[in-house]
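Asker: Residue 1 is where the sequence shown starts when you use this note's numbering, and the numbers rise one by one after that.
Positions of the beta carbon are idealized from the N, C-alpha and C atoms, including for glycine.
Attaching a single structure in C-alpha cells format; questions to follow.
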Amino acid sequence: MQNAALEALGLDWRYSTLDTTPDALIATLERLENDPDVVGCNVTVPHKIAVFEWLRKNGREVGSWAALAGAVNTLYRGPDGKFRGTSTDFQGAQNAIRSAVLSHRPDFPWTMAEVAILGTGGSAQTLAVGFAATSIASSPRSMTVHGRNLEKAEAVAAIARKHALEGRTVAAGALAEWQAPSNRPRIVCQTTTVGMATGESPDQSPVPRGTVSGVDVAFDLVYKPHVTRFLSDAFENGALVVHGIDMLIGQGAQALIHWLEASSPESAGRLEYADLCAIMEQALRRNGVF
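Below, the structure written as C-alpha cells:
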C-alpha cells in the first residue's frame, strides 16, 4: 500500500519489510540510521516500546502521542539526519472507529460508553493513553485495560491515568475475568496478536465466545485475516465491527506524511491524507488482502 502511494506521488522510494529480533534491534536501528538512502521506517510488534526507550536514551525527539504512551511506531529523520520517533497508531485507530460508528450508528452515546482494551503491549498502551488524553467529543469517559498479566495491565492503566483528562477513569483487570455484558455501551479494542494468521494463535480469540454478547463496537488491530475469530464472534452477537485494515491504512498514511515532510517537503502537499488512504485501500484490494 505504501509503494502504491509512493508511485502516485512520483517518488523513486521503495517500502520493504525487515524482520528483526529483539536481540538485534539496536544494531538494526543503527544500521538503518547510518544508511543515507533510508528516509524512515515503521516499527511493529514487539519493538514499539523498545524503540521508544532507545530514542529517549539517545536524547532524540519523540512526538507528543509517542511520548505520552511510551511507544513508537514511526521513525523519520530530523534536520540533523538522526532518527526521531512518533506514533500514528492512535490516530489510525481513532479514525477507523469514529468513521465506522458515524456511518452506521450516528447516535452512539460516546460520553456514556466504556472502552475495554484487551492487551498490554505498545499498541494497547498507545490506545489507552489516546482515549484517556483526547478531548474530542467522541472520547469515552471510562476505560479498563485487560491483560493476561494483571501487573502489566495495571502498569498500562497507570500510564494512561497519569495523562487522563479530568473526569476520565482508567482501571485494570485480568483478561481471564473479562466479561462484556454491561448496562453501558461498550467499545472493545483487541490489541493482542491472538488471531493473527502469522502468529502463534491463528484463528483464535483472546476471550471466550460467549463474552462478546454485550459488545456494541468491536475493533481488532489484527488485519490478517481480515475477519478474525474475535470480530466474527462479535458480529454474530450484534456488534458493529471495525477491521484492523482500516487502522493499518490510516496509520500508514500518517507515517508517509511524516516521511514526506521530513525528507521530501516538495512532495508533502501533493496528496491529502484522504487521498493517500484511498490509494492504499485500492492497492490492498487489488492484491486480495481483503
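1) Restricting to Cα atoms, I'd like to know which of Thr17, Ala71, Leu32 and Val39 is closest to Ile49.
2) How many angstroms separate the CA atom of Thr21 from the CA atom of Ala164?
3) Nearest to Asp107 by alpha carbon, out of Asp216, Glu261, Met247 and Gly250?
4) Spatial neighbours of Gly81 within its chain, please: CB distance less than 6 Å, with the 5 preceding and 5 following residues excluded, ordered by chain position.
5) Would DSSP call Met143 helix, strand or coil?
6) Tell me where the alpha helix (DSSP H) around Arg31 begins and ends.
7) How many Å lie between Cys41 and Leu284 at the Cα?
8) Going straight from the alpha carbon of Ala67 to that of Asn183, what length do you get?
9) Out of curiosity, what's the CA-to-CA distance linking Gly288 and His226?
10) Going by C-alpha distance, which of His47, Glu61 and Pro79 is nearest Thr265?
11) Give the secondary structure of Pro22 by DSSP, where H, G and I count as helix, E and B as strand, and everything else as coil.
12) Could you tell me the alpha carbon to alpha carbon distance between Ala153 and Gly147, rounded to whole angstroms?
13) Mind checking whether Gly63 and Thr44 have CB atoms under 8 Å apart?
14) Using the rule of at least 16 other Cβ atoms within 10 Å of the residue's Cβ for burial, across every protein chain shown, is Asp233 buried or exposed?
15) Once DSSP output is grouped into helix, strand and coil, what is the label at Ala171?
16) Tell me whether Leu11 sits in a helix, a strand or coil according to DSSP, three-state version.
17) Classify Ser135 as buried or exposed, calling it buried when 16 or more other Cβ atoms lie within 10 Å of its own Cβ.
18) Apart from the five residues on each side of it in sequence, which residues of its chain come closer than 6 Å, Cβ to Cβ, to Gly119?
19) Could you tell me how far apart the beta carbons of Cys189 and Val115 are, in whole angstroms, since I believe they sit closer than 8 Å?
20) Looking at Lys224 and Ala197, is the spacing between their C-beta atoms short of 8 Å?
21) Taking the alpha-carbon of Ala110 as reference, which of Gln125, Arg141 and Leu25 has the nearest alpha-carbon?
22) Tell me whether the stretch 20 to 38 and the stretch 266 to 273 touch, counting them as touching only if at least three CB pairs, one residue from each stretch, are closer than 8 Å.
23) Considering Cα atoms alone, identify which of Phe83, Val39, Leu32 and Asn34 is closest to Arg56.
24) Run through the DSSP bridge pairs and tell me what Glu114 is partnered with.
25) Pull up the distance between the alpha-carbon of Arg209 and that of Ala176, whole angstroms please.
26) Excluding the 5 residues preceding and the 5 following Leu11 in the sequence, name in chain order all residues of the same chain whose CB lies nearer than 8 Å to its CB.
27) Can you tell me whether Arg285 is helix, strand or coil according to DSSP?
28) Assign Gly122 to one of three DSSP states: helix, strand, or coil.
29) Near Ala174, what residues of its chain come up, given a Cβ to Cβ distance below 8 Å and the 5 sequence neighbours on each side ignored?
Answerer: Concretely, from the data shown:
1) Here residue 49 refers to the residue found at position 49 of the sequence shown. Out of Thr17, Ala71, Leu32 and Val39, Ala71 has the C-alpha closest to the C-alpha of Ile49.
2) Position 21 of the sequence shown, counted from the first residue, corresponds to residue 21. Position 164 of the sequence shown, counted from the first residue, corresponds to residue 164. Their Cα atoms are separated by approximately 33 Å.
3) Numbered from its first residue, the sequence shown carries residue 107 at position 107. For Asp107, the nearest C-alpha among the options comes from Asp216.
4) Looking up residue 81 in the sequence shown gives position 81. Taken in chain order, the list of residues that qualify is empty.
5) Within the sequence shown, numbered from 1, the residue matching residue 143 stands at position 143. In the structure shown, Met143 sits in a strand (DSSP, three-state: E or B).
6) Counted from its first residue, the sequence shown places residue 31 at position 31. Note, Arg31: alpha helix (DSSP H), Leu25 to Glu33.
7) Here residue 41 corresponds to residue number 41 of the sequence shown, with the count starting at 1. Here residue 284 corresponds to residue number 284 of the sequence shown, with the count starting at 1. Their Cα atoms are separated by approximately 19 Å.
8) Against the sequence shown, residue 67 aligns to sequence position 67. Against the sequence shown, residue 183 aligns to sequence position 183. One C-alpha to the other measures close to 34 Å.
9) Locating residue 288 in the sequence shown gives position 288, where the first residue counts as 1. Locating residue 226 in the sequence shown gives position 226, where the first residue counts as 1. Spanning the two alpha carbons is a distance of roughly 10 Å.
10) Mapped onto the sequence shown, residue 265 falls at position 265. Reading the sequence as shown, one finds Pro at residue 265 and not Thr. Closest option to Pro265, Cα to Cα, is Pro79.
11) Working through the sequence shown from its first residue, we reach residue 22 at position 22. Helix.
12) The residue given as residue 153 occupies position 153 in the sequence shown. The residue given as residue 147 occupies position 147 in the sequence shown. Near 5 Å, if we compare the C-alpha coordinates of Gly147 and Ala153.
13) By 1-based counting over the sequence shown, the position of residue 63 is 63. By 1-based counting over the sequence shown, the position of residue 44 is 44. Result no, Cβ atoms of Gly63 and Thr44 do not sit closer than 8 Å.
14) Translated into positions along the sequence shown, residue 233 becomes position 233. Answer is buried; the Cβ neighbour count reaches 16.
15) Residue numbering aside, residue 171 sits at position 171 when the sequence shown is read from its first letter. If DSSP states are grouped into helix, strand and coil, Ala171 belongs with the strands.
16) To locate residue 11, count along the sequence shown from 1; it is residue 11. It is coil, neither helix nor strand.
17) Numbered from 1 along the sequence shown, position 135 holds the residue referred to as residue 135. Exposed.
18) Mapped onto the sequence shown, residue 119 falls at position 119. Excluding residues within five positions, the ones whose Cβ falls inside 6 Å are Thr191 and Thr192.
19) Counting from one through the sequence shown, the residue named residue 189 turns up at place 189. Counting from one through the sequence shown, the residue named residue 115 turns up at place 115. The pair is a contact, with the Cβ atoms about 7 Å apart (cut-off 8 Å).
20) For the purposes of this step, residue 197 is identified with residue 197 of the sequence shown, where counting begins at 1. For the purposes of this step, residue 224 is identified with residue 224 of the sequence shown, where counting begins at 1. Yes, they are a contact pair.
21) Counting from 1 along the sequence shown, the entry for residue 110 is found at position 110. It should be pointed out that residue 110 corresponds to Trp in this sequence rather than to Ala. Nearest of Gln125, Arg141 and Leu25 to Trp110, Cα basis: Arg141.
22) no
23) Here residue 56 is taken as the residue at index 56 of the sequence shown, counted from 1. Nearest C-alpha to Arg56: Phe83.
24) Position 114 of the sequence shown, counting from 1, holds the residue named residue 114. DSSP output for Glu114 lists Ser142 and Arg186 as bridge partner(s).
25) In the sequence shown, counting from the first residue as 1, residue 209 sits at position 209. In the sequence shown, counting from the first residue as 1, residue 176 sits at position 176. If you take the alpha carbons of Arg209 and Ala176, they lie about 12 Å apart.
26) Here residue 11 corresponds to residue number 11 of the sequence shown, with the count starting at 1. Taken in chain order, the residues that qualify are Ser264 and Ser267.
27) Within the sequence shown, numbered from 1, the residue matching residue 285 stands at position 285. The answer is helix: DSSP assigns Arg285 an H, G or I state.
28) As a first step, residue 122 must be located in the sequence shown, where it is residue number 122. In the structure shown, Gly122 sits in a helix (DSSP, three-state: H, G or I).
29) Against the sequence shown, residue 174 aligns to sequence position 174. Contacts found: His146, Gly147, Arg148, Leu150 and Ala153.
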